[in-house]
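To start, the structure under review is shown below, and the notes come after it.
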Amino acid sequence: MAMVHELEEIRVGISELSDCVSCLLHTIFFTRSPGPVHPADANCRFRPITYAFVPDVKKQVETAILQFQQRNMRRQTGTATNITVIFYETRKKTAMFNFMATEDRIVWEKWVLPIRVLVHPPANPEDYYTTLESQLRHCMLHVIMTVQKETTHIPNVMYDFELVINDF
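Residues 744 to 911 in this note's numbering are what the sequence shown spells out, letter by letter.
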């Protein structure tokens, strides 16, 4: 049974969306990397938040953000959507005297990032940025605290991931 971790919903404007989602996804990938990782420091543009940027997953993260933005543009904005990170192990199964082989995905962990894109600009931008910074830091801390105490379900072999955009 897969462990499911759901972060607090972040309420973010379209101009900060990419920074916030990138920050949270890279934090998850850095903390759950199956092997050696060589992160770089990355900073959010709207507040002094620094996080570990994992170059190996840059393309996948950027693609997920783009898909999220496109999906949000096509539907009514202001509704909640989530990005789910699914970690899985691939196991090969053979059948019929080793003539046919199949692969099974064994999902062992999911991270759900609920995101609500704000439709209207905030009345007080300073309060908005302070609240957003607090939400982001809280989510990052949640990820770090969770990965430190929940490790028994992680497979001893190399594993992979998938990013999925879902509607609530």
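Where is the CB? At the ideal position from N, CA and C, for every residue including glycine. Because the structure is a prediction, the values reported are computed rather than measured.
Cut-off 8 angstroms between Cβ atoms - residues of its own chain near residue i, not counting five sequence neighbours on either side
| i | result |
| --- | --- |
| residue 760 | 808, 811, 812, 858, 860 |
| residue 889 | 748 |
Three-way DSSP call (helix, strand, coil) for residue i in this model
| i | result |
| --- | --- |
| residue 902 | coil |
| residue 806 | helix |
| residue 896 | coil |
| residue 848 | strand |
| residue 811 | helix |
| residue 828 | strand |
From the options, residue whose alpha carbon lies closest to that of residue i
| i | options | result |
| --- | --- | --- |
| residue 779 | 754, 879, 906, 799 | 799 |
| residue 872 | 883, 853, 787 | 787 |
| residue 790 | 874, 851, 894, 805 | 874 |
Nonlocal neighbours in the same chain, by C-beta distance under 7 angstroms from residue i, ignoring five residues either side
| i | result |
| --- | --- |
| residue 825 | 855, 856, 857, 858, 909, 911 |
Element boundaries [alpha helix (DSSP H), containing residue i]
| i | result |
| --- | --- |
| residue 890 | 868-892 |
| residue 759 | 757-774 |
Same chain, Cβ closer than 6 angstroms to residue i, neighbours up to 5 away in sequence not counted
| i | result |
| --- | --- |
| residue 907 | 827 |
Range of the contiguous beta strand (DSSP E) that encloses residue i
| i | result |
| --- | --- |
| residue 796 | 793-796 |
| residue 783 | 783-786 |
| residue 748 | 746-749 |
Cβ neighbour criterion (16 or more within 10 Å) applied to residue i
| i | result |
| --- | --- |
| residue 883 | buried |
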